[in-house]
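Data block below; observations after.
In this note's numbering, the protein residues as written are 2 to 368.
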């Protein structure tokens with residue numbers, strides 16, 4: 002894929018530097034804000050919890066899925082909006098103060114072109130340029146938007162070399178992960194998030210790659226998660242899967258890895274085809290590498306082909322293509338692998354989804 006222009010990269014870098022500078026604690030002694038805590042027993046309410054939760058430190062809306070063009074090309078796509086509340090002086094009345102920061106990533110996994118079309122943006126919220134509204138899913142940076150209208154998610158993003166215009170319709174109710182949406186990320190209950198997914202989103206729309214437009218259809222998965230203390234200090238990163246199964250079932254599973262690369266905490270949620278939901282604890286989840294891939298750009302090695310045990314089932318995951326590494330150091334400051342994968346069980350295809358691998362170059366920080 003063509004690399005983004007130096008001018009755009011420099012602009013992003015300067016934006017990040019400016020936002021980071023404004024996020025530093027005030028040298029005059031202004032106190033950092035108190036972040037809301039994730040606690041057991043909170044009942045998620047919709048449509049309110051489709052929206053933003055600005056009192057928490059970090060939040061994301063994560064769309065991943067598989068698309069098919071009229072010419073029968075198989076593609077993956079990722080659209081992510083992050084909201085971050087920095088530790089800055091909230092009494093600062095300036096409209097330019099970074100009380101909330103918004104970051105967006107988008108990508109198309111394209112085997113025919115042997116790579117990833119990807120882009121990223123970062124802005125401070127406000128001034129009509131970027132916002133994450135609280136009443137429902139309405140988050141945008143400039144002309145990159147994700148909105149929920151009449152029950153349908155509408156994603157519109159135009160990058161330098163590609164664009165996505167997708168409508169995503171739920172076919173199942175939200176899937177509450179963990180204990181009714183309280184998702185623990187370590188032995189301590191304080192290390193947790195509120196977390197729900199929307200599997201089996203029906204997708205219709207169009208994509209543009211290098212000025213060539215294609216109508217597409219497919220199926221997607223949405224994660225919405227918010228927290229103030231996501232990772233334990235001993236954790237380095239995570240492996241995560243969201244699988245839409247061909248029988249109508251859905252599987253979410255993750256493991257948090259410690260700084261020696263061992264499993265530190267695991268959990269999963271399974272929706273059976275009949276609608277029954279089961280939540281699984283650490284003893285029921287296991288990730289093991291089948292094949293690793295090393296990025297020639299970053300030198301980071303990822304387990305892109307993975308065996309995942311979820312309860313009594315074992316899923317063999319194979320990537321749509323190996324190179325699905327996202328370099329987002331100009332926006333969120335990290336390298337990670339986010340890729341379309343097909344799922345098999347006993348060598349029989351059973352579904353498709355996405356695999357996310359973070360913290361393989363250095364420990365991930367969400368604080």
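From the three backbone atoms N, C-alpha and C, an ideal C-beta is built for every residue, glycine too.
- request: Check the DSSP bridge columns for residue 295 and list the partner residues they point to.
  value: Looking at the DSSP output, residue 295 shares a beta bridge with 302.
message: Can you tell me where the beta strand (DSSP E) holding residue 261 begins and where it ends?
response: Neither: residue 261 is in no beta strand (DSSP E) and is coded neither H nor E.
field: Length at least 3, wholly inside the region 48-77: the beta strand (DSSP E) runs in chain order
entry: With a minimum length of 3 residues, the continuous beta strand (DSSP E) runs that stay inside the region 48-77 are 59-70.
field: 6 Å Cβ shell around residue 299 - same chain, five flanking residues per side excluded
entry: So the qualifying residues of the chain are 336.
task: Please state if the CB of residue 84 and the CB of residue 56 are separated by a distance shorter than 9 Å.
output: In this structure, residue 56 lies away from residue 84, with their beta-carbon atoms at least 9 Å apart.
Cβ neighbours of residue 252 in the same chain (closer than 6 Å, five flanking residues each side left out): Result list for residue 252: 244, 271, 311, in chain order.
task: Determine the burial state of residue 278: buried for a count of at least 16 other Cβ atoms within 10 Å of its Cβ, exposed for fewer.
output: Counting Cβ neighbours within 10 Å, residue 278 comes out exposed, since fewer than 16 surround it.
- prompt: Once you ignore the five residues that flank residue 219 on each side, which residues in its own chain have a CB closer than 6 Å to its CB?
  reply: Answer for residue 219: 66, 67, 68, 69, 204, listed in chain order.
field: C-beta contact flag for residue 237 and residue 266 at 9 Å
entry: Their beta carbons are not under 9 Å apart, which means residue 237 does not touch residue 266 by this criterion.
field: Burial state of residue 172 (16 or more Cβ within 10 Å)
entry: When all chains shown are included, residue 172 counts as exposed.
query: Given 8 Å as the limit, is there contact between the region 158-173 and the region 198-212, that is, 3 or more CB pairs closer than that?
result: The way I'd put it, the region 158-173 does touch the region 198-212; three or more beta-carbon pairs between them come closer than 8 Å.
- prompt: Which residues in the same chain as residue 359 place their Cβ atom closer than 6 Å to its Cβ, once the five residues preceding and following it in sequence are excluded?
  reply: Leaving aside the five residues that flank residue 359 on each side, the residues in its chain whose CB is nearer than 6 Å to its CB run, in chain order, 238, 239, 337, 365.
field: Beta-carbon proximity check, residue 177 vs residue 196, cutoff 9 Å
entry: Note that the C-beta distance between residue 177 and residue 196 is below 9 Å.
query: Going by other Cβ atoms of all chains shown within 10 Å of its Cβ, with 16 needed for buried, is residue 79 buried or exposed?
result: Residue 79 should be labelled buried.
- prompt: Run through DSSP, which three-state label would residue 350 get?
  reply: The answer is strand: DSSP assigns residue 350 an E or B state.
- prompt: Going by other Cβ atoms of all chains shown within 10 Å of its Cβ, with 16 needed for buried, is residue 320 buried or exposed?
  reply: Flag for residue 320 reads buried.
- request: Return the chain-ordered list of same chain residues with a C-beta closer than 6 Å to the C-beta of residue 350, the five sequence neighbours on each side being excluded.
  value: Closer than 6 Å at Cβ, skipping near neighbours: no residue.
message: Please tell me whether residue 224 and residue 51 are closer than 9 Å, where the distance is taken between their beta carbons.
response: Taking the C-beta atoms as reference points, residue 51 is found no nearer than 9 Å to residue 224.
- request: Determine the direct distance from the alpha carbon of residue 213 to that of residue 193, and round the result to whole angstroms.
  value: Residue 193 and residue 213 have their C-alpha atoms some 43 Å from each other.
query: Secondary structure at residue 363, three-state DSSP: helix, strand or coil?
result: In the structure shown, residue 363 falls within a coil segment according to DSSP collapsed to helix, strand and coil.
query: For residue 263, which residues from the same chain have a beta carbon less than 8 Å from its beta carbon, with the 5 sequence-adjacent residues on both sides left out?
result: Nothing listed; no residue qualifies.
message: Once the 5 residues before and after residue 295 are set aside, which same chain residues still bring their CB inside 6 Å of it?
response: Cβ neighbours of residue 295 beyond the five flanking positions: 302.
- request: Check each candidate in 258, 324, 191 and name the one with the smallest Cα separation from residue 41.
  value: Minimum Cα-Cα distance from residue 41 among the listed residues 258, 324, 191 corresponds to 191.
field: Inter-residue Cα distance where the pair is residue 285 and residue 314
entry: Near 10 Å, if we compare the C-alpha coordinates of residue 314 and residue 285.
message: Give me the DSSP bridge partner(s) of residue 321.
response: DSSP, once it has assigned bridges, lists no residue as partnering residue 321.
query: Three-state secondary structure (DSSP) at residue 285?
result: Assignment of residue 285 by DSSP, reduced to helix, strand and coil, places it in the helix class.
- prompt: Just to confirm, are residue 305 and residue 183 a CB contact at a threshold of 9 Å?
  reply: No; because the gap between Cβ atoms is not below 9 Å, this pair is not in contact.
task: Please go through the region 96-121 and give each complete beta strand (DSSP E) segment of 3 or more residues, from N-terminal end onward.
output: Correct list: 102-111.
- request: Specify, as a first and last residue, the run of the beta strand (DSSP E) that residue 246 falls within.
  value: Per DSSP, residue 246 is one residue of the beta strand (DSSP E) stretching across 236-246.
task: With DSSP as the reference, please indicate the residues paired to residue 196 in a beta bridge.
output: Partner(s): 226.
query: For the putative contact between residue 227 and residue 54, defined by C-beta atoms under 8 Å, what is the C-beta separation to the nearest angstrom?
result: With a contact defined as Cβ atoms closer than 8 Å, residue 227 and residue 54 qualify at about 5 Å.
- prompt: Straight-line CA distance for residue 363 to residue 122?
  reply: Near 22 Å, if we compare the C-alpha coordinates of residue 122 and residue 363.
message: What would DSSP say about residue 144, mapped onto helix, strand or coil?
response: Here residue 144 sits in coil by DSSP.
field: Distance between residue 180 and residue 46 (C-alpha atoms, nearest Å)
entry: Going by C-alpha positions, residue 46 is about 15 Å away from residue 180.
task: Could you tell me the distance, in whole angstroms, from the CA atom of residue 369 to the CA atom of residue 317?
output: What the structure shows of the chain is the stretch from 2 to 368, and residue 369 is not part of that stretch, so it cannot be assessed.
field: Given residue 352 as reference, the closest of 242, 259, 131, 229 once Cα atoms are compared
entry: Residue 352 has its Cα closest to that of 242, out of 242, 259, 131, 229.
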